[in-house]
Each structure stands twice: as structure tokens, then as C-alpha cells.
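Protein chains in written order, with the numbering used here: chain A, 1 to 110; chain B, 1001 to 1110.
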């Protein structure tokens, strides 16, 4: 709704495989975020970006890396997926005020 | 470590009731408090509060921040079944990152 798309929307993969999730925005917002949402843990920040090629770690960054080569795209990579990374992943964007969320990607790691 | 706590964890009411949801926080560098509504998909933004004592209102929903008590409340009057959702509170710690509470699950029965 806020001009954010995520792809894929659903993915099933096997333990040990690399996975890349893509977030694309059309709002030209400076800040972009990756969150994961799990029952009992709520929404937790994985990584965020405050500009092209400027990224930093969030609360639960182990096992994840990110890249932002263009303002509109923010990629989240699981180098070697594990079952504990089964989750719903939300991308979010902000100009510095409210944060707006993308539709989410449901990832299952078998 | 920044912390956001919401109460109650869940709530069941009947249509027409008024509900009050609570959010308390401990953050090192408070900038704003945000409320979101999450149905089956991504969280959607409701309010952002920065100043103590000023009520934000949108239809039947309203929210107010008390910086002295490090808390906020979200009120919903004349509840409808469409208000059934998880309500999330988050705090921006001036690093352009949000720390979320665990949410309050509201169910409104006809």
C-alpha cells in the first residue's frame, strides 16, 4: 500500500541453501528495514539501511546479510538457511517519521 | 536495552464496548511512540506521538502519550468486529529504528 513490494511472497527451501529476499519501494524513502515476526517474539529488527550502501545490524542479525545498491531496493540474504529462520519477513520504509511495512514474505526452511 | 511492554496480552469484548490498550516503555533516547494495527497481513500505521498530553484521534480511535509515566494508551470506542486485530506499540529511539512490544490481541464479538 505504501509503494512497497516484496518478492517472493512465499518460499519453501531446504536447510543449508542460500536465500535472497527482495524489497522494492517506489516512495524514495531514505530508510529501509528488514524485520522478522515470530510467535512469542513479536517484530524484531534484522538489518536496516539509511542510504545507498549504508547498512547496519539490528537486534537479530546473525545469519543474515543485506545490500542496498539503489535507493529503491534492499536485499536480505540468508547465506545458509536454518530451520530457526523460518519466519515471516517484513520490509519497511521510512523518511524518518512513521515506518510503513511491505506485505511480507513467508519463508519456511525444512 | 530498549524495552516496550503492552498490556493486556489479549482482550475479548462485545461490539459497542470501549477498550483501552496500554503501552509502557524504557528507551535510552525517546523520540516518538507509534501504534499499529495488524490483521492477517502487515502492520498498518495508526498514530505517531511525540508530545506528552496531546491526543491524536482518528474516528473511534484515539491515543495519548504520557512521557512522565513513560506510557501511552490507545482507546477504541464503540468497537466493531472489524477492530479485531493485534495492536502493536513501538518506540523510536532516535536512531530511526523501532522497538516493538509484543502486542495486544483484541477480539470483538458480535
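Idealized CB from N, CA, C, for every residue including glycine.
Residue 63 of chain A to residue 92 of chain A, Cα distance in whole Å?
Going from the Cα of residue 63 of chain A to the Cα of residue 92 of chain A covers about 20 Å.
Short of 8 Å Cβ to Cβ, which residues in the region 1041 to 1053 of chain B face chain A?
Per Cβ criterion, the list reads 1041, 1042, 1043, 1044, 1045, 1048.
For a test of the three-state rule: what should DSSP assign to residue 37 of chain A, helix, strand or coil?
DSSP places residue 37 of chain A in strand when its eight states are reduced to three.
Given residue 1038 of chain B, which residues of its chain have a CB within under 8 Å of its CB, disregarding the five upstream and five downstream residues?
Once the five neighbours on either side are set aside, the close Cβ partners of residue 1038 of chain B are 1044, 1085, 1086, 1087, 1088, 1103.
On the premise that residue 1034 of chain B lies in contact with residue 18 of chain A, defined as a C-beta separation below 8 Å, what is that separation, rounded to the nearest angstrom?
At roughly 34 Å, the Cβ-Cβ gap does not stay under 8 Å, so residue 18 of chain A and residue 1034 of chain B are not in contact.
Taking residue 1029 of chain B as the reference, give the member of B:1004, B:1095, B:1100, B:1008 with the closest Cα.
Looking at the Cα atoms, B:1095 is the closest of the given residues.
Let me know if residue 1092 of chain B comes out buried or exposed under the rule of 16 or more other beta-carbons within 10 Å of its beta-carbon.
Under this definition residue 1092 of chain B is a buried residue.
So, is the C-beta of residue 7 of chain A closer than 8 Å to a C-beta in chain B?
Taking Cβ atoms only, chain B never reaches closer than 8 Å to residue 7 of chain A, which makes this a no.
Taking only the alpha-carbon atoms, compute the straight-line gap between residue 31 of chain A and residue 49 of chain A and give it to the nearest angstrom.
Cα-Cα distance, rounded: 6 Å.
Can you tell me which of the three DSSP states residue 108 of chain A falls into?
Residue state, collapsed to three classes: strand.
Would residue 1107 of chain B count as contacting chain A if we go by Cβ distances under 8 Å?
No - not a single Cβ of chain A is within 8 Å of the one on residue 1107 of chain B.
Check the Cβ of residue 1100 of chain B against every Cβ in chain A and list those closer than 7 Å, keeping chain order.
What residue 1100 of chain B touches in chain A: 42, 43.
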